[in-house]
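The next block holds one structure in the form of structure tokens; read it before the comments.
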Amino acid sequence: MTIAYEAISATELLDEYRPGSSSIFSSPRHTLLAGGVAAVLPPVRTLRELAQSVRGHGDLILGAVPFDDPASAHLVTPLRTRWADPFLPGEPPRRESTRPWRITPVPTPAGHLEGVRRVLELLRTGSVEKVVLARSLELTRPEPADVASMVRRLAVRDPHGHVFAIDLPGGRILVGASPELLVSRDGPAVVANPLAGSAARSADPAEDRRRAAALLCSAKDQHEHAVVVQAVAAALAPHCRALSVPSEPSLICTSTMWHLSSKITGRLADPRTTSLDLAVALHPTPAVCGTPTAAARAAITGIEPFDRGFYSGMVGWCDTSGNGEWAVAIRCAEVTGAGIRLFAGGGIVAGSVPEEELAETSAKFRTLLHALGLDLDSAPCPGERSER
Numbered sequence: 001m002t003i004a005y006e007a008i009s010a011t012e013l014l015d016e017y018r019p020g021s022s023s024i025f026s027s028p029r030h031t032l033l034a035g036g037v038a039a040v041l042p043p044v045r046t047l048r049e050l051a052q053s054v055r056g057h058g059d060l061i062l063g064a065v066p067f068d069d070p071a072s073a074h075l076v077t078p079l080r081t082r083w084a085d086p087f088l089p090g091e092p093p094r095r096e097s098t099r100p101w102r103i104t105p106v107p108t109p110a111g112h113l114e115g116v117r118r119v120l121e122l123l124r125t126g127s128v129e130k131v132v133l134a135r136s137l138e139l140t141r142p143e144p145a146d147v148a149s150m151v152r153r154l155a156v157r158d159p160h161g162h163v164f165a166i167d168l169p170g171g172r173i174l175v176g177a178s179p180e181l182l183v184s185r186d187g188p189a190v191v192a193n194p195l196a197g198s199a200a201r202s203a204d205p206a207e208d209r210r211r212a213a214a215l216l217c218s219a220k221d222q223h224e225h226a227v228v229v230q231a232v233a234a235a236l237a238p239h240c241r242a243l244s245v246p247s248e249p250s251l252i253c254t255s256t257m258w259h260l261s262s263k264i265t266g267r268l269a270d271p272r273t274t275s276l277d278l279a280v281a282l283h284p285t286p287a288v289c290g291t292p293t294a295a296a297r298a299a300i301t302g303i304e305p306f307d308r309g310f311y312s313g314m315v316g317w318c319d320t321s322g323n324g325e326w327a328v329a330i331r332c333a334e335v336t337g338a339g340i341r342l343f344a345g346g347g348i349v350a351g352s353v354p355e356e357e358l359a360e361t362s363a364k365f366r367t368l369l370h371a372l373g374l375d376l377d378s379a380p381c382p383g384e385r386s387e388r
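First residue of the sequence shown: 1, per full-length UniProt numbering; consecutive thereafter.
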């Protein structure tokens with residue numbers, strides 16, 4: 001499939017986005033607007049079956065796959081697609097003059113600290129090497145969220161990420177701006193960009209540089225990152241005849257966070273392997289689950305007091321040639337008529353400090369809180385009070 005770009009900007013394409021009747025996915029390479037639904041892929045029992053169902057499908061598919069329930073994956077064939085160049089930095093919309101949101105953290109901050117301590121105990125016993133523990137914020141108010149404005153804010157603040165608003169069953173919408181590319185395929189070229197190891201940005205330039213340098217030199221974060229990179233390279237190796245893995249991570253940043261990053265590239269061994277095949281082979285990486293996978297997943301199930309749903313799953317598209325892009329569903333929220341659920345998590349390894357892990361999730365929440373037009377630059381830990 002050859003992408004037909006139009007003489008239209010991503011911002012103009014976003015003007016045509018209509019929550020509930022279209023979906024949008026933007027990456028550093030291009031922006032896709034998908035309208036209507038021609039078909040919905042039927043439920044499957046495993047991710048492997050999901051990938052097999054896309055082979056030979058005959059049309060582009062777009063959607064989201066949850067963290068831990070393949071049967072709930074939602075992939076559709078759009079009635080129509082339009083393509084434009086990537087978003088460019090710009091001015092966000094004005095802050096909305098609306099009623100405030102009531103914010104309820106789940107678990108409470110104290111509950112999350114206790115969860116981190118439980119993971120640290122598992123690490124001490126040697127049953128796991130890393131567990132990614134998440135928490136959520138539940139936002140409610142009488143007025144529904146303006147999803148289009150959320151997407152616009154996300155796009156202008158982090159245009160180099162993966163900005164998405166994907167329609168889900170039941171009138172839900174998955175909205176986010178993920179900095180992490182799970183995998184892309186463009187012909188024989190394969191790219192994965194795992195992120196692990198994070199630090200909050202600072203509004204003070206000197207302090208911001210200090211935090212970035214400290215992250216790059218952190219033995220704890222370097223170890224956490226290495227675990228993820230090794231797992232991603234091992235999962236891609238059977239599908240690639242050449243694989244290039246950086247010996248050391250680099251730094252990338254979003255509007256709210258610094259991350260350790262490694263860009264892994266390869267050449268596809270079998271041209272029949274689709275981008276979704278590759279994504280399924282990788283999911284879930286230790287960046288969103290932990291390692292060993294089964295033990296980390298069991299710890300998450302036993303400690304987190306909510307169902308992640310599509311958070312820490314994957315979101316993206318795959319075309320008729322097998323090309324496509326899949327981002328890790330982080331820095332995201334699930335929007336419903338009743339409110340919004342935000343999610344954020346962090347990797348717990350030996351040396352993790354519970355209070356620092358809580359602060360990291362709070363910083364990660366800022367991406368979506370800013371998307372809602374909330375000015376929280378002066379708040380040290382958004383979501384730690386039940387109402388704001």
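Yeah, the Cβ is synthetic: ideal placement off N, Cα and C, and Gly gets one too.
Please read all numbers here as calculations on a predicted model, not as lab measurements.
Segment limits, alpha helix (DSSP H) that includes Asp282
Looking at the sequence itself, residue 282 is Leu, so the reference to Asp does not match. Segment 275-282, the alpha helix (DSSP H) holding Leu282.
Cys318 bridges to which residues according to DSSP?
Ile61, Gly324
Can you tell which of Arg135, Pro286, Leu182, Leu75 has the C-alpha that lies nearest to the C-alpha of Arg308?
Arg135
Taking all protein chains shown into account, do 16 or more other C-beta atoms lie within 10 angstroms of the C-beta of Tyr311, making it buried, or fewer, making it exposed?
buried
Quick one: what does DSSP say Ile264 is sitting in, helix, strand or coil?
strand
Looking at C-alpha atoms only, which residue of Leu243, Arg211, Val116 is the closest neighbour of Lys263?
Leu243
Is Ile303 helix, strand or coil when you go by DSSP?
helix
Taking DSSP as the reference, what is the three-state secondary structure of Cys289?
coil
Per DSSP, cross-strand counterpart(s) of Ser244
Thr265
What is the DSSP secondary structure of Val227, counted as helix, strand or coil?
helix
Closest by C-alpha distance to Thr320, when choosing among Thr274, Ala281, Phe365, Ile24:
Thr274
For Ala233, collect the residues of the same chain with a Cβ closer than 7 Å to its Cβ; drop the 5 residues on either side in sequence, then sort them by chain order.
Leu243, Val245, Ile264
Pro107 in three-state terms, based on DSSP:
coil
Whole angstroms is fine: what's the gap from Arg118's alpha carbon to Arg124's?
10 Å
Using three-state DSSP, classify His160 as helix, strand or coil.
coil
DSSP three-state assignment for Leu50, whether helix, strand or coil
helix
Of the residues Val349, Phe306, Thr285, which one's Cα is nearest the Cα of Glu138?
Phe306
From Val227, Ile173, Ala327, Leu174, residue whose alpha carbon lies closest to that of Pro292:
Val227
Ser250, buried or exposed, once every other Cβ within 10 Å from all chains shown has been counted against 16
exposed
Which of helix, strand or coil does DSSP assign to Arg185?
strand
Could you round the C-beta distance between His160 and Ser178 to whole angstroms and report it? I think they count as a contact, below 8 Å.
With a Cβ gap of about 11 Å, His160 and Ser178 do not count as contacting.
9 Å Cβ cutoff met for Arg45 and Pro66
no
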